[in-house]
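Report on one structure; see the data block that follows.
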Amino acid sequence: MKRRHIHTLHRPAVGPSRSARLIFVHGGYATAGCWDAYFLPWFSRRGFDCHALDLSGHGRSEGREQLDSYGINDYADDLAQVAEGLGGEAILIGHSMGTVVVERFLERHQARAAILMAPVPATGILGATMKIAFTEPAFFSEQARASRGEYSEQTLATIRDVYYSPETSTDDLKRFGALFQGESRRAILDLTLLAMRVGKKRPKLPVLVVGGEADAVFPPHMLAFTATRWRADVAVIPRAGHTLMLDAHWQAAAERIADWLERQP
Numbered sequence: 001m002k003r004r005h006i007h008t009l010h011r012p013a014v015g016p017s018r019s020a021r022l023i024f025v026h027g028g029y030a031t032a033g034c035w036d037a038y039f040l041p042w043f044s045r046r047g048f049d050c051h052a053l054d055l056s057g058h059g060r061s062e063g064r065e066q067l068d069s070y071g072i073n074d075y076a077d078d079l080a081q082v083a084e085g086l087g088g089e090a091i092l093i094g095h096s097m098g099t100v101v102v103e104r105f106l107e108r109h110q111a112r113a114a115i116l117m118a119p120v121p122a123t124g125i126l127g128a129t130m131k132i133a134f135t136e137p138a139f140f141s142e143q144a145r146a147s148r149g150e151y152s153e154q155t156l157a158t159i160r161d162v163y164y165s166p167e168t169s170t171d172d173l174k175r176f177g178a179l180f181q182g183e184s185r186r187a188i189l190d191l192t193l194l195a196m197r198v199g200k201k202r203p204k205l206p207v208l209v210v211g212g213e214a215d216a217v218f219p220p221h222m223l224a225f226t227a228t229r230w231r232a233d234v235a236v237i238p239r240a241g242h243t244l245m246l247d248a249h250w251q252a253a254a255e256r257i258a259d260w261l262e263r264q265p
């Protein structure tokens, strides 16, 4: 495993600290900052020691010039490097592409528990990509503009339709823009061809699968694909969109996750 400089955000536990450490893994086109808008301070105030990493080529981590060369295995190595540096078994929280990174990590490493938010199904992203191409034909060009920091009214409307609930404000969408960037072509290919990969044996650990009722990328009925594989508990957040940690209904998602964590040994 080649070690790279991986930038992390750290929000220490406020007040009495819980024994469990949380490590957050962002999804495609995102950075660690997407967790720091709401989730990291919210969970730290509830006694959790919180860490979020920028995957290679993202945010302030090394490798932006080589972004397209990084795949899911490289991202799993990033997570392993951070987890090893922190020591002990952590609770892993991944979103979308980040759920695949967490699952790949778990093929070779241990964790205390895992929370998979808006998970990519084992069949990959091809079906979701084709559906969006038919229902939101402007999405891919608008997403490209958004990844360059270009936000027209059309761009904001399209991004909200696909990634957020209607209740998420335009001002918030503009504010969130700085938290996103381009994604690795190799990682996108890995996600597209995910169904062709033979995974290794999955460890036994507590898993929670979380989805948004209004997720236009991976609708709630798709959560069963991931939940069945992991024998996981399932939580569907009413009215929430795909980007659960930034959506107008982010707190409902955080509360469901915290409630589940409270029930774990």
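Residue numbers (full-length UniProt numbering): 1 to 265.
Backbone N, C-alpha and C fix where the C-beta goes; we use that ideal spot for every residue, glycine too.
query	result
Length-filtered (3 minimum) beta strand (DSSP E) runs lying within the region 63-124	91-95 and 113-117
Endpoints, the alpha helix (DSSP H) within which Gly127 is located	Leu126 to Thr135
Per DSSP, the bridge partner or partners of Asp49	Arg21
Sequence-distant residues of the same chain with beta carbon closer than 8 Å to Leu173, five excluded per side	Tyr151, Leu156, Ile159, Arg160 and Tyr164
From His249, Val207 and Gly182, residue whose alpha carbon lies closest to that of Arg231	Val207
C-beta contact flag for Leu86 and Thr99 at 7 Å	no
Buried versus exposed call for Leu79 [16 or more other C-beta atoms within 10 Å across all chains shown]	buried
Short Cβ contact (7 Å threshold) for Ala118 with Ser96	yes
Ala235, enclosing beta strand (DSSP E) - first and last residue	Asp233 to Ile237
C-beta contact flag for Thr192 and Ile132 at 7 Å	no
Buried/exposed call for Gln181, threshold 16 Cβ in 10 Å	buried
Of the listed residues Pro219, Gly94, Glu89 and Pro220, nearest to Ala76 (C-alpha basis)	Gly94
Segment limits, alpha helix (DSSP H) that includes Val207	Element bounds for Val207: not the alpha helix (DSSP H) but the beta strand (DSSP E), Val207 to Gly212.
N- and C-terminal bounds of the alpha helix (DSSP H) containing Thr8	Run containing Thr8: none in the alpha helix (DSSP H); it sits in the beta strand (DSSP E), Thr8 to Arg11.
Residues sharing a beta bridge with Ala30, DSSP	Phe180
Residue from Gly199, Ala224 and Val198 whose Cα sits closest to the Cα of Val210	Ala224
DSSP-derived helix/strand/coil call for Lys204	coil
Extent of the continuous alpha helix (DSSP H) run through Gly162	Inspection of the sequence shows that residue 162 is occupied by Val rather than by Gly. Its alpha helix (DSSP H) spans residues Glu153 to Tyr163.
Short Cβ contact (7 Å threshold) for Gln81 with Arg3	yes
Continuous alpha helix (DSSP H) stretch holding Leu191: start and end	Arg185 to Thr192
Where Met196 sits in the DSSP three-state scheme	helix
Where Thr170 falls: helix, strand or coil (DSSP)	helix
With 16 other Cβ atoms within 10 Å as the buried cut-off, status of Asp74	buried
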